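**Student:** Residue numbers (the UniProt record's numbering), protein chains in the order written: chain A, 1 to 422; chain B, 1 to 601.
All residues carry an ideal CB built from backbone N, CA and C; glycine is no exception.
Here the structure is a predicted model, which is why all the values come from computation and not from measurement.
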């Protein structure tokens, strides 16, 4: 499989930078161009700003296992000075990267001439202090911290706390709390490993800190539940403060019910009042004040419900789709198959299916909404369920924090879409 | 930069004009940009040499501007630079020019690496002292204002550390501005900045006029203590100590105590933990009356807090709390208000809490006196001595000297022995190791008779433990015991048992004999070493295991200086020479080394 399959996409806090991580352990950062009056249609395009190798494949000698270099998640830190910082993680190791600009270079040596020849030591009659001269902008990435050896299982999430000094990392059974300055220790705050592994029935699938309340975080499970924990009440957060689970609809129970209820992503809204969960067929919005059921449920690709058997056989049923909020929380987006992605406007209750593909759309042209035909007569521009390409999955999407700009990762291609300027 | 030609290896100067005295400085300057970070670091550490060679003017006009803009470097280099600049006043022309050092330090104060920023702030504080009041207002205060209103969080956090040094000597108008800036940082949007402000609140309060403390600092403190971020609130607890030291009892009661009471009951266990952790400082700062009325009830709650971490932190402070109570009436307070809560902790569910208590509880006996100790504390000691957690038991044993002073150890010794034996045989080797460390202390307190009757066999058993670290510690232990109890005791009780091991079928035990001899020979003296130990060592030179043989060589090297020349020449030398011809290469090596070190070759 190709090493440049994109495995994560994330905008920074201002939206000026967009980071992608791929299966080969590389991180590519795009920067939004400053608005240029002479080129009104390139209203802030994203161009490559920096590329670096974040993780390399490793071998765990003790367990005879290969550790993949694939970047599972990237999270930006809030900007604290001229440089930019992000956390990137593979299955086992989290790294803090600093991305900084250099635009000056020192000139003037004592021991060498201008053309590089060594000077005679006895001829040095005066000392020269180097002067800094401008040079072409150089963007450098350097690893500042490496947080390793704290996870037995594969890391699926990282999340930075609103206190800007701690972050959490979650694997299948445990969640650890780290301090950004301390690499040799982390605190375990959730541990759901049963004493007897044969009693294991659910795993942690995602975790996130609340955007404003430094003591609150949530984690989702493979059984379709979300637990909210309060770090104030105790040091070890094994007991949750809130438990979110929608009661199952007995009429739709099937062999696959539990599998498709597994939550693949959980995200707080920017306001901090709501959270969104993504399971295989739907996206649900929950009010944090109500644990008994979600306040909104949006069907992503309900037409797949009758195809679950074949999706189980080709493993697609285990695909982990992410979801994201728009900057104002008025819209949500998530991916699907055939390079389709879905956007739901929570106010107007309208939804749209769009496609990220070079063949079916030209740059800067408006995207045409797509429709999947679920049975009966297929209309002209529709596509039938059986023609969907299940290898073209959109698992990772991101929404600019303030504007209507979205980034969509389609296998090894990154698409950036913007609201049309009138 | 490619390797520079060393002096004298380049083309020879024709006619001998010019000298190469500038050459080393030239090298240093060029190495400021070398790719090798160690060379850059080296040059930065010798910055004063460069500055001296350049002279004050060139340092000011060329070197400092260069350093101001090259902050792309590794932390170690930036840290070294920040440190150097703190001492640079003389090199830029004295106090009149101290302000020239501000630009590079201002850059360093915006770096994200905390250690570098902190060092830059430290150097700035140092340099501020060298500014005249006029220079302070003309240069330093503007720098502080720039940092305080900077775009970057890092500049604003650094600014927090600079207010207290420029405030005292500023004019009244400027003082008002400084206070204004500090106020805005206390309510900055970013938790990072508010944390920095909270941690500097106490130090700033100390340099302010009392009126300002009451009218401005106290409200800031109250706000920070109810900040939405836990990490800010817990720093306010620390600030509380400093502020409390500045106020009168009435002001304290009205202005600070409400906030402190709130902190002791904060919803976040981390804030309550801080209160427990800072308890002694708080106690001293608020004085005995408020302690009695407010702090002791708060402490009682902390001792029964629902979070174990908080209970453990409070347990750690029990002894200090009691010691710091005024002597008059202290016994009653402790007996009635502290002791009942401590009794509960002895059977706490969490082992860290019990362990924390065990490490301080013995210290209470000196405060409470003999009778109270026997009646009330002794049962607690005995209960903890039987605790299932080894750390709890170890903590009791390590603090026995306090009790010994008050009631004598006999009261405890009956329970002590089973506890010691159990620890000495614990399955975890680190537990066994810990009790060995305490053995000399115990032996001293319990006396040689008790030791011989009850503990001697334990010490011998450790010598043949499966774990090397234990055998090694046991050997050291014997040496300390010999120093305590004397050579005659050693000769009668220990030496014979050690020497018997020389014929043990396990070669590791035979080697232990040699290690013991190494450790004991000096303490035992020449006679015992020559008459009893040396023959055994020499006999082991014929051991069939090479490891034993080369350790014989090493032992002879070790004990050689204690022996007399006759023994060395007649007994040691022939054996070492024989070992020098051994078939094993290591044996040969160590034998030859011993011969050469002992000057017998």
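Under 8 Å by Cβ, that's how I've got residue 252(B) and residue 290(B) pegged, so tell me the actual separation to the nearest angstrom.
**Tutor:** With a beta-carbon spacing of about 6 Å, residue 252(B) and residue 290(B) fall inside the 8 Å limit used to define contacts.
**Student:** Within 10 angstroms of its Cβ, does residue 212(A) collect 16 or more other Cβ (buried), or is it exposed?
**Tutor:** By the neighbour-count rule (16 or more Cβ atoms within 10 Å), residue 212(A) is not buried but exposed.
**Student:** Helix, strand or coil for residue 105(A) per DSSP?
**Tutor:** The DSSP-derived three-state label of residue 105(A) is strand.
**Student:** With a threshold of 8 Å between beta-carbons, can residue 268(B) be considered close to chain A, or not?
**Tutor:** yes
**Student:** From which residue to which residue does the beta strand (DSSP E) around residue 347(A) run?
**Tutor:** Here residue 347(A) belongs to no beta strand (DSSP E), and DSSP marks it neither H nor E.
**Student:** Determine the chain B residues that contact residue 215(A) at a beta-carbon separation under 7 Å, and present them in chain order.
**Tutor:** 230, 268
**Student:** For residue 430(B), name the three-state secondary structure that DSSP assigns.
**Tutor:** helix
**Student:** Please work out which residues of its chain come closer than 8 Å, Cβ to Cβ, to residue 609(B), disregarding the five sequence neighbours upstream and downstream, and give them in chain order.
**Tutor:** Since the first residue shown for chain B is 1 and the last is 601, residue 609(B) is missing from the structure and cannot be characterised.
**Student:** Nearest CA to the CA of residue 586(B): which residue from 219(B), 58(B), 313(B), 548(B)?
**Tutor:** 548(B)
**Student:** Checking 8 Å against the spacing of the C-beta atoms, do residue 227(A) and residue 243(A) come in under that value?
**Tutor:** yes
**Student:** How long is the line joining the alpha carbons of residue 472(B) and residue 479(B), rounded to whole angstroms?
**Tutor:** 11 Å
**Student:** Indicate whether at least one CB of chain A lies closer than 8 Å to the CB of residue 37(B).
**Tutor:** So, not an interface residue.
**Student:** Hey, does residue 404(A) have any beta-carbon neighbour from chain D nearer than 8 Å?
**Tutor:** Looking at the structure shown, chain D is missing, and the protein chains on hand are A and B.
**Student:** Helix, strand or coil: which one does DSSP assign to residue 4(B)?
**Tutor:** Low per-residue confidence applies at residue 4(B): pLDDT is 43, beneath 50, and the placement is therefore not dependable, though the value from the model is reported in the following sentence. In the structure shown, residue 4(B) sits in coil (DSSP, three-state: anything other than H, G, I, E or B).
**Student:** If we define contact as Cβ-Cβ less than 8 Å, is residue 451(B) a contact residue for chain A?
**Tutor:** no
**Student:** Start and end of the alpha helix (DSSP H) containing residue 204(A)?
**Tutor:** Where residue 204(A) is concerned, there is no enclosing alpha helix (DSSP H), although the beta strand (DSSP E) it sits in stretches over 204 to 209.
**Student:** Go ahead and pull the three-state DSSP assignment for residue 192(B).
**Tutor:** helix
**Student:** Looking at the structure shown, is residue 662(B) part of a helix, part of a strand, or coil, going by DSSP?
**Tutor:** The structure shown does not extend to residue 662(B), since chain B spans only 1 to 601, so no value can be given for it.
**Student:** Looking at C-beta atoms only, is the number of pairs between the stretch 111 to 128 of chain B and the stretch 75 to 95 of chain B that lie closer than 8 Å three or more?
**Tutor:** They touch, by the three-pair rule.
**Student:** Starting from residue 89(A) and walking both ways along the beta strand (DSSP E), at which residues does that stretch end?
**Tutor:** Where residue 89(A) is concerned, the enclosing beta strand (DSSP E) starts and stops at 84 to 89.
**Student:** At a Cβ cut of 9 Å, what residues of the UniProt repeat "HEAT" (178 to 216) of chain B count as close to chain A, listed as they run along the chain?
**Tutor:** Going along the UniProt repeat "HEAT" (178 to 216) of chain B in chain order, one finds 190, 191, 192, 195 with a Cβ nearer than 9 Å to chain A.
**Student:** Out of 193(B), 243(B), 197(B), 191(B), state which residue places its alpha-carbon closest to the alpha-carbon of residue 215(B).
**Tutor:** 243(B)
**Student:** Since I believe residue 353(A) is in contact with residue 369(A) (beta carbons under 8 Å), could you give me their beta-carbon distance rounded to a whole number of angstroms?
**Tutor:** 6 Å
**Student:** Give me whichever residues DSSP pairs with residue 671(B) in a beta bridge.
**Tutor:** For residue 671(B) there is no data in the structure shown, the boundaries of chain B being 1 and 601.
**Student:** Going along the chain, which residues of its own chain have a beta-carbon closer than 8 Å to the beta-carbon of residue 1(B), five neighbours each way excluded?
**Tutor:** Caution is warranted here: a pLDDT of 38 is assigned to residue 1(B), below 50, making its placement in the model unreliable, and the coordinate value is therefore given only provisionally. Taken in chain order, the residues that qualify are 30, 31, 33, 34, 35.
**Student:** Helix, strand or coil for residue 95(A) per DSSP?
**Tutor:** strand
**Student:** On a CA-only basis, which of 297(A), 162(A), 252(A), 8(A) is nearest residue 194(B)? Give me that one, please.
**Tutor:** Considering only alpha carbons, the answer is 162(A).
**Student:** Roughly how many angstroms lie between the CA atoms of residue 143(A) and residue 124(A), to the nearest whole one?
**Tutor:** 39 Å
**Student:** If you draw a straight line from the alpha carbon of residue 329(A) to that of residue 306(B), how long is it in whole angstroms?
**Tutor:** 38 Å
**Student:** Looking at C-beta atoms only, is the number of pairs between the stretch 218 to 225 of chain B and the stretch 188 to 202 of chain A that lie closer than 8 Å three or more?
**Tutor:** no
**Student:** Mark residue 396(B) as exposed unless 16 or more other C-beta atoms lie within 10 angstroms of its C-beta, in which case mark it buried.
**Tutor:** buried
**Student:** Could you work out which residues of chain A lie near residue 66(B), taking near to mean beta carbons separated by less than 9 Å?
**Tutor:** 106, 129, 130, 131, 132
**Student:** With a cut-off of 8 Å, does the C-beta of residue 309(B) fall near any C-beta of chain A?
**Tutor:** yes
**Student:** Could you have a look at residue 14(B) and say whether DSSP puts it in helix, strand or coil?
**Tutor:** Here the model assigns residue 14(B) a pLDDT of 36, short of 50, so the residue's position is not dependable, and the following value carries that caveat. Correct three-state label for residue 14(B): helix.
**Student:** Does residue 167(B) come within less than 8 Å of chain A when only Cβ atoms are used?
**Tutor:** no
**Student:** Given residue 458(B), which residues of its chain have a CB within under 6 Å of its CB, disregarding the five upstream and five downstream residues?
**Tutor:** 424
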